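Notes to accompany the following structure.
Residue numbers (our numbering): -2 to 209.
Quick look at the structure:
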């Protein structure tokens, strides 16, 4: 990456992204975070300069800096990405750990966080603004939408389709051919053997719906 990177979010995801960029020899310019208690703090030799709407720094994006959004709050993350696209005409960069594996025959979007040991297999597709946790696997010919979070040590088998906004907890196994609907949630350690509807929450071995 030629330009330094501004990371939106200075908590755990931001720190993970910082480590990935530093291991890739990419320069991080600063953090921006809405938690005022973090302003002025130094994390891994990188300063938290202000809130995510600090125009003094956001105006640099697209000119002198690139951006990465590392936030747990999905709505805030979506709002910042919309701002970057509409106001700065910039798509966030990917943060890909050097000890992950991304097949040359996989399709990869933008703004993704791919942690150490993660595998994106051949002819699989990963959308934009997703998180692949440590040692997670997306097997061949699976299609993952945007804003999907896949927890550490989860295995997405071949020919799986996961729609936008789905959350897959740690240690989940999704067997081949399953479809996961938009904004669905899969509890940690579950084995998913049947399709999951949009906004449905499932848990267990095999995974069953959790009634709200």
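C-beta: ideal position from N, C-alpha, C; glycine also.
If you're wondering where the values come from, they're calculated on a predicted model, not measured in any experiment.
_Rounded to whole angstroms, what is the Cα-Cα separation between residue 67 and residue 205?_
31 Å
*So, is residue 30 buried or exposed, given that buried needs 16 or more other C-beta atoms within 10 angstroms?*
buried
*According to DSSP, is residue 166 helix, strand or coil?*
coil
*Between the Cα of residue 49 and the Cα atoms of 61, 118 and 70, which residue gives the shortest distance?*
70
*Going by alpha carbons, who is nearest to residue 151 out of 124, 119, 179 and 184?*
184
_Straight-line gap, residue 25 to residue 157 (C-alpha atoms, nearest Å)_ = 35 Å
_Sub-8 Å separation of residue 186 and residue 168 beta-carbons_ = yes
*Identify every run of the beta strand (DSSP E) within the stretch 78 to 107, keeping only runs that are complete inside it and at least 3 residues long; order them along the chain.*
none
*Roughly how many angstroms separate the alpha carbons of residue 5 and residue 202, rounded to a whole number?*
37 Å
*asked:* By alpha-carbon positions, which one of 177, 146, 195 and 94 ends up nearest to residue 20?
replied: 94
*Do the CB positions of residue 65 and residue 27 come within less than 8 Å of each other?*
no
*Is it the case that the Cβ atoms of residue 117 and residue 99 are separated by a distance below 8 Å?*
yes
_Length of the line joining the Cα atoms of residue 23 and residue 121_ = 26 Å
_Beta-bridge pairing of residue 65 - partner residues as DSSP gives them_ = 4
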